[in-house]
Amino acid sequence: MKLSQLDTPVLLIEEDSFLRNMKRMQELATNAGIAYRPHAKAHKSAEIAKMQKGAGAVGVCCAKLGEAEVLVSHEIKDILITTPVIGISKLTRMMQIAKEATISVVVDNADNLAEMAAVAQTCGVRPDVVIEVDVGQGRCGVQPGDPALQLAYEVMNADWLNFKGLQGYQGAIQMTASFVERNAAARKAVGLLTDTADLIRKAGLPLEYLTGGGSGTSVIDAASAGLTELQPGGYLFMDSRYREIEWDDGNSIPFEQSLTVLASVISLPEPGRCILDMGLKAISSDGGPPSPVDVPGAVFKFGGEEHSELTFEDGKCPLALNDKVAFVPTHCDTTVNLYDRFIAYSDDEVVDVWSIAARGRVQ
258 MKLSQLDTPV
268 LLIEEDSFLR
278 NMKRMQELAT
288 NAGIAYRPHA
298 KAHKSAEIAK
308 MQKGAGAVGV
318 CCAKLGEAEV
328 LVSHEIKDIL
338 ITTPVIGISK
348 LTRMMQIAKE
358 ATISVVVDNA
368 DNLAEMAAVA
378 QTCGVRPDVV
388 IEVDVGQGRC
398 GVQPGDPALQ
408 LAYEVMNADW
418 LNFKGLQGYQ
428 GAIQMTASFV
438 ERNAAARKAV
448 GLLTDTADLI
458 RKAGLPLEYL
468 TGGGSGTSVI
478 DAASAGLTEL
488 QPGGYLFMDS
498 RYREIEWDDG
508 NSIPFEQSLT
518 VLASVISLPE
528 PGRCILDMGL
538 KAISSDGGPP
548 SPVDVPGAVF
558 KFGGEEHSEL
568 TFEDGKCPLA
578 LNDKVAFVPT
588 HCDTTVNLYD
598 RFIAYSDDEV
608 VDVWSIAARG
618 RVQ
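This is how it looks when you write it as structure tokens:
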């Protein structure tokens with residue numbers, strides 16, 4: 258099938274650039290001598306997770322327990338849940354998948370630890386626990402230094418929990434435009450994590466696992482020699498925000514734009530304006546409006562849940578009814594969550610369809 262024959266709006270992946278992105282991140286980790294655990298929150302797809310494992314990933318990350326449940330049901334067997342799992346109901350669900358796969362989970366609270374240990378004992382499962390350290394984002398995480406050490410003692414004293422290591426993720430700097438500023442902030446974040454790890458080791462606790470980082474700081478994280486494992490997600494797809502940041506001191510962006518949304522012109526109400534079948538329900542808006550590809554002079558505006566429009570400054574719309582327009586989203590993760598499947602293509606031919614099985618699994 259040709260791309261022009263697809264019903265729209267549709268989520269597309271250019272297969273060659275997608276595979277090159279996967280290879281480049283694997284090489285980045287391998288050359289740095291660290292492991293690579295990509296974040297499945299970006300793609301929510303068992304097929305893609307299996308590709309990443311096949312390319313050398315040690316496992317995957319999931320932001321939510323529901324995502325992990327779906328991936329385990331599709332034979333993904335090594336998962337780190339990067340958000341605390343709170344409450345008896347969710348902890349019981351987590352122990353059920355921990356019977357089928359190697360499950361690690363982050364914690365930042367002693368009460369959560371105590372409840373987790375009790376549920377683990379009831380279910381006869383011993384999960385791996387990773388203490389999340391707040392390295393600057395101000396979201397989840399125990400404070401660096403002594404607070405993290407005290408929580409590590411709590412984990413070590415819990416009979417049904419294994420202390421695996423520390424997580425430190427500075428998500429607030431992933432889109433910092435200046436490489437110099439992002440580099441300084443990323444190295445500060447890694448320093449807070451490694452200093453905390455040193456404190457825990459000096460106290461006599463075993464600690465070899467330091468996981469974190471993201472796509473925007475991947476080059477920095479790999480070079481900093483602090484983390485033992487990288488957690489990038491959006492590098493597979495990229496988006497317009499990622500493409501606007503400086504990736505290195507004058508070097509080109511290491512990853513290519515592989516993800517787009519294809520829309521169709523459905524109305525031509527005026528000579529300089531056209532309406533498309535892609536609205537707020539078909540492409541994310543949390544990072545701003547998407548960017549049209551290869552339509553010079555076009556100005557985009559959302560027209561509601563199911564519509565958007567392109568206007569042209571010269572008053573002449575070059576598009577005809579049913580013409581197709583590709584758009585680069587400003588946020589790849591939230592765009593992916595709007596669809597049931599990826600359509601992979603090469604040149605102008607559809608080559609594969611990959612299910613987004615964990616979309617909407619926010620619990």
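Under the numbering used here, the first residue of the sequence shown is numbered 258, with each subsequent residue one higher. Even glycine gets a Cβ: it sits at the ideal position worked out from N, Cα and C.
{"query": "Identity of the residues DSSP links to S612 by a beta bridge", "result": "R598"}
{"query": "Bridge partner(s) assigned by DSSP for A555", "result": "F569"}
{"query": "Endpoints, alpha helix (DSSP H) assigned at R281", "result": "272-289"}
{"query": "First through last residue of the beta strand (DSSP E) which encompasses H520", "result": "Here residue 520 is Ala; the residue named in the question, His, does not match the sequence. Unbroken beta strand (DSSP E) run through A520: 516-527."}
{"query": "DSSP beta-bridge partners of C531", "result": "L567"}
{"query": "Distance, F494 Cα to E271 Cα", "result": "9 Å"}
{"query": "The beta strand (DSSP E) enclosing I338, as first and last residue numbers", "result": "335-338"}
{"query": "Span of the beta strand (DSSP E), counted from its first residue to its last, around S361", "result": "359-364"}
{"query": "Contact belief for V376 with M352 at Cβ below 8 Å, rounded distance in angstroms", "result": "6 Å"}
{"query": "Per-residue DSSP class, three states only, for F584", "result": "strand"}
{"query": "Whole-angstrom distance between P463 and F420, CA atom to CA atom", "result": "8 Å"}
{"query": "Pick from C318, I510, A434 that is closest to R294, judged by C-alpha positions", "result": "C318"}
{"query": "Range of the contiguous beta strand (DSSP E) that encloses Y410", "result": "Unbroken run through Y410 is the alpha helix (DSSP H), 403-414; no beta strand (DSSP E)."}
{"query": "Through-space distance from L268 to P547, alpha-carbon basis", "result": "13 Å"}
{"query": "Distance between V607 and P549 (C-alpha atoms, nearest Å)", "result": "21 Å"}
{"query": "Own chain residues within Cβ distance below 6 Å of R439, not counting five before or after", "result": "I430, T433"}
{"query": "Cβ neighbours of N594 in the same chain (closer than 6 Å, five flanking residues each side left out)", "result": "R616"}
{"query": "Backbone CA spacing between V362 and K347 [nearest angstrom]", "result": "12 Å"}
{"query": "Collapsed DSSP secondary structure at Q394 in the structure displayed", "result": "coil"}
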